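**Student:** In our numbering, the protein residues as written are 1029 to 1292. Virtual Cβ for every residue (Gly too), placed ideally from N, Cα, C. Since the model is a prediction, treat every value here as computed from it, not as a measurement.
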């Protein structure tokens, strides 16, 4: 699990104390934060929800520390803080927040302009793009029946194609109403434009997990013709906010070693 702490900022508007955010992951991130330990008990473990929050904090420019915690030997103080709760969770002024969506809303509200950048999307559709991909992947990777694999794979591909179509469809602000040239394919880097948003913080960690796990256990790769998804991932891999909050590939594979069982 990952504990994240930020020292008080006298000048922070509306924030006098950022106690901690805890989640699950392994690895070190430039600012400083804490999180779930990996299977070695030290490195950052696999948890897309924790990475989501780490990315938000990094994009906000908040200084935070990551301290990895082995959940198999969870310290008593953490058990007392949020009994029965797995990371990520956050404490602020003595109040414990355990819902990831609520934590995201809280961070966006408290870490607001002009001091901190707004991370919300400009286009509402970006928030729901790819929202069914991870569920289709989960069904695909958990299936153990060979004769059903094709169906689950088709369902996953259908969800991925829908996401790919969105990423390749020009957004309204990419289209010049006064231009005689039609833009057939979007050239944007991320879901909502050329900058990372809350929508990306939610989707990218999951998409990365799918890429690693599906290849390792089902020899499945995103089709090369899904240019929107590949452009999206490659642009994400060029950003420190994403790559430096990712767990090692081995951590992700290990997390699914008992989930992705051999098909019969």
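So the candidates are 1262, 1177 and 1107; which of them puts its Cα closest to the Cα of residue 1217?
**Tutor:** 1262
**Student:** So, helix, strand or coil for residue 1033, using DSSP?
**Tutor:** Interpretation of residue 1033 is limited by its pLDDT of 38, a score under 50 that renders its predicted location unreliable; the figure taken from the coordinates is listed afterwards. Assignment of residue 1033 by DSSP, reduced to helix, strand and coil, places it in the strand class.
**Student:** Can you tell me whether DSSP reads residue 1134 as helix, strand or coil?
**Tutor:** helix
**Student:** Give me the DSSP bridge partner(s) of residue 1269.
**Tutor:** Its beta-bridge partners do not exist; DSSP assigns none.
**Student:** Grab me the residues of residue 1074's own chain with a C-beta within less than 6 Å of its C-beta, minus the 5 sequence neighbours each way, in chain order.
**Tutor:** 1275, 1279, 1280 and 1283
**Student:** With the cut-off set at 8 Å, would you say residue 1154 and residue 1227 are in Cβ contact?
**Tutor:** Less than 8 Å divides the Cβ of residue 1154 from the Cβ of residue 1227.
**Student:** What is the DSSP secondary structure of residue 1287, counted as helix, strand or coil?
**Tutor:** coil
**Student:** Which residue wins for smallest C-alpha separation from residue 1094, given the options 1273, 1292 and 1105?
**Tutor:** 1273
**Student:** Mind checking who residue 1124 pairs with in its DSSP beta bridge?
**Tutor:** Paired residue(s): 1119.
**Student:** Using 8 Å as the threshold, is the C-beta distance between residue 1148 and residue 1225 below it?
**Tutor:** yes
**Student:** Which residues in the same chain as residue 1270 place their Cβ atom closer than 7 Å to its Cβ, once the five residues preceding and following it in sequence are excluded?
**Tutor:** 1083, 1232 and 1264
**Student:** Would you mind giving the Cβ-Cβ distance between residue 1172 and residue 1291, rounded to the nearest angstrom? I have them listed as a contact below 8 Å.
**Tutor:** 5 Å
**Student:** Taking the CB atoms as reference points, tell me whether residue 1169 and residue 1241 lie closer together than 8 Å.
**Tutor:** yes
**Student:** Could you tell me the distance, in whole angstroms, from the CA atom of residue 1213 to the CA atom of residue 1198?
**Tutor:** 6 Å
**Student:** Are there 16 or more other CB atoms within 10 angstroms of the CB of residue 1089, so buried, or fewer, so exposed?
**Tutor:** exposed
**Student:** If we ignore side chains and look at the alpha-carbon of each, how far apart do residue 1122 and residue 1109 end up?
**Tutor:** Going by the C-alpha atoms only, they are around 10 Å apart.
**Student:** Let me know the secondary structure DSSP gives residue 1261 once reduced to three states.
**Tutor:** helix
**Student:** Ignore the nearest five residues each way along the sequence and tell me which others in residue 1194's own chain have a CB closer than 6 Å to its CB.
**Tutor:** 1157
**Student:** Identify, in the order they occur along the chain, each residue of the same chain with its Cβ nearer than 7 Å to the Cβ of residue 1211, setting aside the five sequence neighbours on each side.
**Tutor:** 1198, 1202 and 1203
**Student:** Could you pull the start and end residues of the alpha helix (DSSP H) that residue 1083 belongs to?
**Tutor:** 1076-1088
**Student:** For residue 1183, which residues of its own chain have a beta-carbon under 6 Å away from its beta-carbon, when the five flanking residues on both sides are left out?
**Tutor:** 1164
**Student:** So, for residue 1249: in the same chain, excluding its five sequence neighbours on each side, which residues have a beta-carbon less than 6 Å away from its beta-carbon?
**Tutor:** 1243
**Student:** Residue 1051 by DSSP, collapsed to three states: which one?
**Tutor:** Unreliable placement is indicated for residue 1051, whose pLDDT of 48 sits below 50; no coordinate value is reported for it.
**Student:** Are residue 1187 and residue 1220 close, meaning C-beta to C-beta below 8 Å?
**Tutor:** no
**Student:** Which residues in the same chain have their Cβ closer than 6 Å to the Cβ of residue 1142, if we skip the five residues on either side of it in sequence?
**Tutor:** none
**Student:** For residue 1128, decide whether its Cβ has a neighbour in chain D, counting only Cβ atoms nearer than 8 Å.
**Tutor:** Of the protein chains in the structure, only one exists, and it is not chain D.
**Student:** Measuring only the C-alpha atoms, how far is residue 1178 from residue 1246?
**Tutor:** 11 Å
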